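Take 391 as the starting number for the sequence shown in my numbering and just add one per residue.
Glycine included, each C-beta is placed from N, C-alpha and C at the ideal position.
Small disclaimer: the values here were computed from a predicted structure and weren't measured.
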Amino acid sequence: IVGLSVGPNAVLALLIGQNNREEINRTLHTVITFGAALGVGLMIVGWLTAKPILVLSGTPESVLDQALLYIFIYFLSIPFMLVYTFGSAVLRSYGDSRRPMYYLLISGTVNVILNLFLVIALQLGVAGVAIATVISNVLSAGMVLTHLARRNDDFAFRFRRMRIEKMPLLRILQIGIPAGIQ
391 IVGLSVGPNA VLALLIGQNN REEINRTLHT VITFGAALGV GLMIVGWLTA KPILVLSGTP
451 ESVLDQALLY IFIYFLSIPF MLVYTFGSAV LRSYGDSRRP MYYLLISGTV NVILNLFLVI
511 ALQLGVAGVA IATVISNVLS AGMVLTHLAR RNDDFAFRFR RMRIEKMPLL RILQIGIPAG
571 IQ
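Here's what the structure looks like:
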């Protein structure tokens with residue numbers, strides 16, 4: 391996924407260089423929508439394959455239920471993780487590499503604090519760790535989207551414009567898939 395996010399970064403940087411304002415915004419919305427859709431797809435695949443993979447990998451029966459609980463909760467965060475990753479690529483495309491780092495630092499700190507609170511204070515065990523991860527991923531995605539939604543330029547994100555357009559997606563995948571494989 392991180393390698394795949396090179397595609398949006400490179401395509402948007404090229405469009406910035408070309409000063410292609412309308413295509414920047416179309417690509418931005420394609421990137422965020424594709425990230426969310428891919429995240430939902432991966433979440434569903436994860437849910438469907440979790441038990442067979444755990445069984446095949448020799449997970450002891452005594453911990454299988456707890457492992458499945460963790461995975462099912464954790465996979466709720468995948469769409470948000472992808473929105474953050476692709477949104478960060480958007481920010482880096484116009485030279486803002488600090489903001490994604492700050493967002494990750496904040497959400498990582500919240501994750502650690504929530505782990506301690508949910509596991510020690512509320513005694514939620516494995517579920518608490520997974521819930522903390524979901525919350526931290528929602529937070530990081532929310533911060534990226536909030537920043538983009540507050541912009542009033544070519545990088546302004548609007549939920550009503552969310553859609554996947556064929557040409558921007560193909561350009562993103564042409565760069566992102568080889569980078570992801572590499």
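Residues near Leu458 by beta carbon distance below 8 Å, same chain, minus five either side: Ala440, Lys441 and Leu444
Contact between the segment 488 to 505 and the segment 403 to 413 (3+ Cβ pairs under 8 Å): No, the segment 488 to 505 does not touch the segment 403 to 413.
Residue nearest to Leu466 in terms of C-alpha spacing, selected from Val453, Gly436, Leu538 and Ala539: Gly436
Ile571 CB to nearest heavy atom of the ligand ZN below 7 Å: What this structure holds is no ligand at all, so the ligand ZN is not there to describe.
Nonlocal neighbours in the same chain, by C-beta distance under 6 Å from Ser395, ignoring five residues either side: Thr475, Phe476 and Ala479
Extent of the continuous alpha helix (DSSP H) run through Glu413: Arg411 to Leu446
Within 8 Å, strictly: CB atoms of Pro558 and Thr417: yes
Anticipated Cβ contact below 8 Å, Ala520 with Asn501, distance rounded: Between Asn501 and Ala520 the Cβ distance is about 11 Å, and since that is not below 8 Å, they are no contact.
Start-to-end residues for the alpha helix (DSSP H) that takes in Val392: No alpha helix (DSSP H) contains Val392, which DSSP labels as neither H nor E.
Coil, strand or helix - Ile554 by DSSP: coil
Of the residues Tyr464, Ile503, Val524 and Phe545, the one placed nearest Tyr484, counting alpha carbons only: Phe545
Arg482: first and last residue of the uninterrupted alpha helix (DSSP H) it sits in: Ile468 to Ser483
Close-in-space but distant-in-sequence residues of the same chain around Val430 (CB under 6 Å, 5 per side omitted): Pro469
Buried or exposed by the 16-neighbour rule on C-beta atoms within 10 Å, applied to Asn542: By the 10 Å Cβ count, Asn542 comes out exposed.
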